[in-house]
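Numbering (the UniProt record's numbering), first residue to last: 1 to 633.
Below is one structure, written out as C-alpha cells, with a few remarks after it.
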C-alpha cells in the first residue's frame, strides 16, 4: 500500500464507475493492491448460485495489523492515532500508533489467556472510551469475531445477542455517562446473563470511578488487574472470508439481524472509502461522530481512519449540553479536524439550541475541509444553515449497516464528481443503483420506486446473516432477483444522482397518489420556526392514508403555535397541492429517537393509528411516547 492517491486521483469518476460495473473483478483486484496482505489473493470474485459472492477468497491478512502495526512500519509510530475527548468527565487523552498498538497487543494477549481463539465470538458492551476501540482491535488481532452492542442497551436485547453470538467472553465497563446521569452497566449485564441461555465463560469489566461495579467471583474480572504482567501477542493471519465482526440491525420480525463483515472485502472497502470517497490522506485528522455500537463507529471511528493512517477523534459527549451547542466547534478547533461525519439530527439539535450560531463565533474552523452528513434524510433547510454558518461544503451521502460503507457519495478522491443539491449524490464505484416498481420493472429517471443495487455488491458489503443465511436471501435478494433490495425509496435523475425519499414504507398512498413524506418533511423544515419534524402517514377510511406532521419548534419562537400550523399547511399545499391532504400539524416538545438519532417513525405511525406497539430497545427517552400519544388522542 502506498500513501499517494495513485492513478485513481487523476482519473474521472465516470470512468471509475463504468469500469467497476463492467469489470468488477478486475477493478477491485486493482484496488486490493492497496492492502498489505500476508498472502495476496489470486482470485478477486466468485459468484455463488444463490446470488451471493465471495471477494478475495484465497487472500490472507489481519485487520489489526493494517490498522496499527503496518502504520508503524510506514513511519507513523509517533503520530497521533486516537484522540479521546470526554466532556462528560473532563478527560482528554492522546494515543500514538505505538501506544495504541502496545495497549491492543497486551489486551489481545489477555484474551488469549482467557482462552479466546480464532473464530470465537466476543461481545463488547462499552461506552465511548478508548478501551472499546482497543477491545475491537484486540479481537481482530487474534482472529476472534467481535459484536459490539450499544452500551446501555436493554438487558433483553443484550440477551438476544448473547444467545445468537454465543460469545466465549463479554467485555464491558462499569458504567456509561450522559450529561446529567450515570448509567451503571454491570446490573444490565447481570440481568442479560440471567435471561440468556448461553453463558460466556468470563466477563471482563473496565472500572470507571463514576460507578464502580461489584464483581461476581469466578466469572467477573477487573480489566486493569487482569492485564498486569500479560505479554503482547502478534497479529495472526486470517482468511479474507473469515468474519471480522457481527453487527446487529433491526429486523421486521422483531429478532435482530446479525450482519456479518468479512476481513478481506472490508479492508479493501475501508481504504477505498477513506481515500476515494472522503478524500482523506495519512496524517489527516478525521472525526466520525457516532458510537462504536453502530456501523459508523466501526467504519468511521475505528477501522477506516486507522487503516488509512489518519488520526481518529473518539468523542464521549453530545452535540448539546456537554456543555452546550458549541461542543462540536470546540473539538474542530482544538484538534485541527480536517473532516467530520455526523447525522443530520445532531446538526438540527445544535441549530435548535443556537439558531444564530453565536457559539461558533470566534472559533477557528480553518482546518476543516468539509462536513459529511448521513444516517437519515438531510433536509435542505439544515443543509443550507450549516453551510452558511461554517462556510464549508456540506456533503450528503447515503449508506446502510448492511453495506458498511457509502453507496452514494461525492467521491472527493476522484476527479470530475460534483454534488447536486438535494441528492445523496451518485453511486460510488461498485454500486449500480437503480429504481424499480413493485412488480420488478426498472423505472425511468425521475420516477419514484424502490432503490435497488445490481449484483454483485462490491467488497465490504454483507453477504449473509450470522447463523441464518436463508433470512439474508429472503430479506435482501428475494424481492428483486438479481438485485439487492435496500428497503429505501426514491428516484434517480437523468445524470445518475440518487434522491432518497425515505424507507419504502414512508411513501404514503393518498387517494391513489403515491406521496413522499420525506418531501413534506423537507418543506416543513424550511419554515424558520421549525427545528425538526416527522411526517407520517396515518390511516384514513376514505383516502387510505393522510399525512400527519409532528413538529418541534425552535427555542424562543415568538409567533403563536396556531399561526405556524396554518403557515405549514399552506406551504405544503402550495408546493405539493391539495391532493396531499396535508391538514394536520401537531407541535411536540421532542421527537422519539433511537440512541443513534433516527426518528422512530414506525412507532409514531402505530401511535397515530391507535395500534399496539412495543417499546423499542433503542429508544433514547421512553417518556416521549406517552406525551405524544396524549397529544394525538
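Glycine included, every Cβ here is placed at the ideal spot set by N, Cα and C.
Nothing here was measured: the structure is a model prediction, and the numbers come from that model.
(Q) What would DSSP say about residue 524, mapped onto helix, strand or coil? (A) helix
Q: Starting from the Cα of residue 130, find the closest Cα among 292, 400, 602 and 409 and give me that residue.
A: 292
Q: Could you say which of 421, 134, 128 and 375 lies nearest to residue 111 if we only look at CA atoms?
A: 134
Q. Distance, Cα to Cα, residue 558 vs residue 331?
A. 32 Å
Q | Residues of its chain near residue 626, where Cβ-Cβ distance is below 8 Å and the 5 sequence neighbours each way are ignored | A | none
Q: Give, in chain order, every unbroken run of the beta strand (DSSP E) that is at least 3 residues long and sits entirely within the region 285-327.
A: 285-288 and 311-315
Q | residue 570, buried or exposed, once every other Cβ within 10 Å from all chains shown has been counted against 16 | A | exposed
Q: Determine the direct distance from the alpha carbon of residue 50 to that of residue 450, and round the result to whole angstroms.
A: 22 Å
Q) In three-state terms, what does DSSP make of residue 370? A) strand
**Q.** Bridge-paired residues (DSSP) for residue 233
**A.** Partner(s): none; residue 233 has no beta bridge.
Q) Under 8 Å, do residue 283 and residue 71 count as touching if we go by C-beta distance? A) no
Q | C-alpha gap between residue 589 and residue 624, whole angstroms | A | 8 Å
**Q.** Selection from 281, 268 and 509 that minimises the alpha carbon distance to residue 44
**A.** 268
**Q.** Nonlocal neighbours in the same chain, by C-beta distance under 6 Å from residue 25, ignoring five residues either side
**A.** 44 and 45
Q: May I ask you to report which of helix, strand or coil DSSP gives residue 638?
A: Since the displayed the chain opens at 1 and closes at 633, residue 638 lies outside it and no answer follows.
Q) Can the beta-carbon of residue 122 be found closer than 8 Å to that of residue 171? A) yes
Q. Going along the chain, which residues of its own chain have a beta-carbon closer than 7 Å to the beta-carbon of residue 235, five neighbours each way excluded?
A. 62, 64, 65, 69 and 141
**Q.** Beta-bridge partners of residue 532, as assigned by DSSP
**A.** 552
(Q) By the three-class DSSP mapping on this structure, what secondary structure does residue 82 have? (A) strand
Q | Between the CA atoms of residue 561 and residue 435 - distance to the nearest angstrom | A | 39 Å
Q) How is residue 596 classed by DSSP in three states: helix, strand or coil? A) coil
Q) Relative to the alpha-carbon of residue 509, which residue among 485, 368, 539 and 527 has its alpha-carbon at the smallest distance? A) 539
Q) To which residues of the same chain is residue 596 closer than 6 Å at the C-beta, ignoring the five residues directly before and after it? A) 294
Q: Evaluate contact between the region 300-317 and the region 81-88, counting only Cβ atoms and requiring at least three cross-stretch pairs below 8 Å.
A: yes
Q. To the nearest angstrom, how far is it from the Cα of residue 239 to the Cα of residue 59?
A. 6 Å
Q | At least three beta-carbon pairs within less than 8 Å, the region 322-339 to the region 373-380 | A | no
(Q) Applying the 10 Å Cβ sphere with the 16-neighbour rule, what's the burial state of residue 155? (A) buried
(Q) By alpha-carbon positions, which one of 180, 113 and 513 ends up nearest to residue 228? (A) 113
(Q) Give me the residue from 526, 524, 603 and 57 with the minimum Cα distance to residue 264. (A) 57
Q.
Give me the residue from 632, 617, 582 and 587 with the minimum Cα distance to residue 606.
A. 632
Q) Per DSSP, residue 220 is paired with what? A) 203
Q) Taking Cβ to Cβ, would you say residue 20 is nearer than 8 Å to residue 430? A) yes
Q: Identify which residue in 210, 380 and 277 has its Cα closest to the Cα of residue 341.
A: 277
(Q) Please classify residue 221 as buried or exposed, where buried requires at least 16 other C-beta atoms within 10 Å of its C-beta. (A) buried
Q | Own chain, CB closer than 7 Å to residue 47, minus 5 neighbours either side, in chain order | A | 53 and 456
Q) So what does residue 342 bridge to, in DSSP terms? A) 373
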